[in-house]
Amino acid sequence: MPNGKQLLSILKKTFPLKQATTELNWIKQELPESQWMTAVQQRAELKPLQYILGTQPFLNFEIDCKPGVLIPRNDTEEWCSELIDIINLSRQDDKRDIKIMDYCTGTGCIVIGLTMLKNCHSVVGVDFNNKAVELAQRNYEKNEHLIDHTNMNVSFHHGDLKLLDVPSESKSFDLLISNPPYIPEEDMCQAGGVEKSVLDYEPLEALVGDLEFYGQLVKLIPVVQAKAFVFELGYLRQAEITKSLLSNSWQCGIRYDSGGRIRNVIGWSDKAYAALQNMCGKML
Numbered sequence: 001m002p003n004g005k006q007l008l009s010i011l012k013k014t015f016p017l018k019q020a021t022t023e024l025n026w027i028k029q030e031l032p033e034s035q036w037m038t039a040v041q042q043r044a045e046l047k048p049l050q051y052i053l054g055t056q057p058f059l060n061f062e063i064d065c066k067p068g069v070l071i072p073r074n075d076t077e078e079w080c081s082e083l084i085d086i087i088n089l090s091r092q093d094d095k096r097d098i099k100i101m102d103y104c105t106g107t108g109c110i111v112i113g114l115t116m117l118k119n120c121h122s123v124v125g126v127d128f129n130n131k132a133v134e135l136a137q138r139n140y141e142k143n144e145h146l147i148d149h150t151n152m153n154v155s156f157h158h159g160d161l162k163l164l165d166v167p168s169e170s171k172s173f174d175l176l177i178s179n180p181p182y183i184p185e186e187d188m189c190q191a192g193g194v195e196k197s198v199l200d201y202e203p204l205e206a207l208v209g210d211l212e213f214y215g216q217l218v219k220l221i222p223v224v225q226a227k228a229f230v231f232e233l234g235y236l237r238q239a240e241i242t243k244s245l246l247s248n249s250w251q252c253g254i255r256y257d258s259g260g261r262i263r264n265v266i267g268w269s270d271k272a273y274a275a276l277q278n279m280c281g282k283m284l
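Taken in order, the sequence shown gives residues 1 to 284; the numbers are from UniProt numbering.
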């Protein structure tokens, strides 16, 4: 078996010493010794660590990660945590159940995270990628023991946002959530843009997109009768197009992440969800 110095020397060819040391420790902690060399070689070739180890933490849960399905991001975890806290605080005296749809659900991490909401009747995840739907269901089953099932339904379905597909048993939802593909194709390969490990290993269909997805999400709002929405994004123009397509009955704002980057467009037409303004750094 290779010793630690040999393994570290392989990783040091790709990563700074501190990062190489940290990642080697993770590999040793999570994988049996017989897999260390293969894992180190894969990581040195920039294969995402989450695909190598097979998991990624997300809020209180452990999410399985598989090639072909986008890896959950810390940016997404951050706003999900904020959303849960704000809704739970604002609804302390509101016993009405809420229903949530998450479109482009991927691993199902958002759906599983949102089971931490109080008085949540159902959370439905939809994705056009069958691999994602299957993985999301497995992730739910894996974390099911951590979820309070009192009057809560969780399900995952295949659907195409371009066709405004909605599961047949799903009629109306209070909150529409989505982390759609939002990186324009021309930005994928530019210097300082998307990391090489993402380009080489993660599914581009879950990454590449722009205004067209936000147009479809706005069209989906009346289909599912949503009273509020939270969409992840990366560019101001994506927030602006979303706002421009909404009627005047909607309040709309943008949220900045902890790094000061624009990360969400948030809207509500029902005053019951006006507390979402607390997530917004600027109103549109």
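Every residue, glycine too, gets a C-beta built ideally from N, C-alpha and C. Quick caveat, the model's predicted, so the values are computed rather than measured.
For Leu164, the closest alpha carbon among the candidates Tyr235, Val218 and Lys196 is that of Val218.
Linking Gly4 to Arg138 through their CA atoms gives a straight-line distance of about 34 Å. In the DSSP assignment, Leu176 is bridged to Met101 and Phe229. With the rule of 3 Cβ pairs closer than 8 Å, the segment 121-129 does not count as touching the segment 71-78. For Asp200, the enclosing alpha helix (DSSP H) covers residues Lys196 to Tyr201. Pairing Leu161 with Tyr103 gives a Cβ-Cβ distance under 8 Å. Of the other Cβ atoms in all chains shown, 16 or more fall within 10 Å of the Cβ of Pro180; this residue is therefore buried. C-alpha of Tyr256 to C-alpha of Ile266: approximately 11 Å in a straight line. Nearest to Asn60 by C-alpha distance, out of Ala206, Lys142 and Gln29, is Lys142. Within the DSSP bridge table, the entry for Thr55 names Asp64 as partners. Excluding five sequence positions before and after Ile86, the CB atoms of its chain that fall closer than 8 Å to its own CB belong to Ala275, Leu276, Asn278 and Met279, given in chain order. Counting along the chain, no alpha helix (DSSP H) covers Ile183, and no H or E run does either. Take Lys13, set aside five residues on each side of it, and the residues of its chain with a beta-carbon closer than 8 Å to its own are Ala44, in chain order. At a cut-off of 4 residues, the continuous stretches assigned as alpha helix (DSSP H) that sit fully inside the segment 77-164 are 109-114 and 130-143. Taken atom to atom, the span from the alpha-carbon of Ile183 to that of Ala20 is near 28 Å.
The C-beta of Cys189 has fewer than 16 other C-beta atoms within 10 Å across all chains shown, which makes the residue exposed.
For Ile266, the uninterrupted beta strand (DSSP E) run begins and ends at Ile262 to Trp268, by DSSP.
Note: Gln251 is bridge-paired with Trp268 in the DSSP secondary-structure output. In the DSSP annotation of this structure, Gly234 is not part of any alpha helix (DSSP H), being labelled neither H nor E. Between Lys66 and Leu135, the C-beta gap is smaller than 8 Å, which places the two residues in contact.
In this model, Gly68 and Lys131 are separated by some 7 Å (Cα to Cα). Under the three-state reduction of DSSP output, Val166 falls in the coil class, being neither helix nor strand.
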